[in-house]
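If you count by numbering that gives the first Met the number 0, then the sequence shown holds residues 0 to 166, one letter each, in order.
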Amino acid sequence: MKVIYFCDTSAIIKLYHAEIGTDYMESIFGDNQCAIMISELTLVEFDSSVSKKVRTGDITESAKNEAIKNFKKDCRDRFLVNPLDSRIIRSARKIINKHGNKHSIRTLDALQLGSCLVEEQEGLHFVCADSRLNKICKLEGIFAADQSRARRQACLPARAVDCIRWL
């Protein structure tokens, strides 16, 4: 059975900006025996995330442009992009109505998880760096790799240079 990692934006960004969890994501990215799936929503969230990194001084505008270029290439060559559709909207609404009264779940996070849940595939792992969203995943019975607490793995080579993954 092929392992499929459904990665939300908080996990994917770690491939393009060195931070806690980058090594874990690099190990997934480098394993051609596994598939990496993302929501179409990640395309928009990624641009927003790297723009914020420019605003906060974490990266330069040229580094942002390079990250976006590399992300587009990875979307074409490595990632499976799950298009947003009405099934995902229904799934996200179900998640919010089921968990929203007791747990904090943001709209875009519900859409990310909804995108994962409609896949219903064996071997599917949800990867994210948001402990609140990971809690909802566990309530839904989805294995969640929590990147908010990931330890760095020194044995893996870092491809992140100047905070951005250069290909």
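Note that beta-carbon positions come from the ideal geometry of N, C-alpha and C, so glycine has one too. On a predicted model such as this, the values are computed, not experimentally measured, just so you know.
Check, Outcome
"Cα separation between residue 82 and residue 144?", "23 Å"
"Leaving out five residues on either side along the sequence, give the residues of the same chain with a beta carbon under 6 Å from the beta carbon of residue 166.", "Since pLDDT at residue 166 reaches only 29, below the 50 mark, its modelled position is unreliable, and the value read off the structure follows with that caveat. So the qualifying residues of the chain are 69."
"Going by the CB atoms, is the gap between residue 49 and residue 67 shorter than 8 Å?", "yes"
"In terms of residues, what are the limits of the beta strand (DSSP E) holding residue 4?", "3-6"
"How big is the Cα-Cα spacing for residue 202 and residue 10?", "Since the displayed the chain opens at 0 and closes at 166, residue 202 lies outside it and no answer follows."
"Have a look at residue 7 and residue 100 and give me their C-alpha separation to the nearest angstrom.", "23 Å"
"By the 10 Å Cβ neighbour count, where 16 or more other Cβ atoms means buried, how is residue 65 classified, buried or exposed?", "buried"
"Ordered along the chain, which non-local residues of its own chain (more than five positions away) have a Cβ less than 6 Å from that of residue 91?", "109, 110 and 113"
"Provide the residue span of the beta strand (DSSP E) that contains residue 126, from first to last.", "123-127"
"Quick one: complete alpha helix (DSSP H) runs, 4+ long, within the segment 66-148?", "85-98, 106-116 and 130-138"
"For residue 41 and residue 134, I'd like the C-alpha separation in whole angstroms.", "20 Å"
"In terms of residue numbering, what span does the beta strand (DSSP E) encompassing residue 27 cover?", "Residue 27 -> not in any beta strand (DSSP E); alpha helix (DSSP H) instead, spanning 21-29."
"Just curious, the alpha helix (DSSP H) that residue 46 is in, first and last residue?", "40-54"
"Taking the alpha carbon of residue 14 as the reference point, which residue from 141, 86, 127 and 140 has its own alpha carbon closest?", "127"
"Among 106, 103 and 141, which one has its Cα closest to the Cα of residue 119?", "141"
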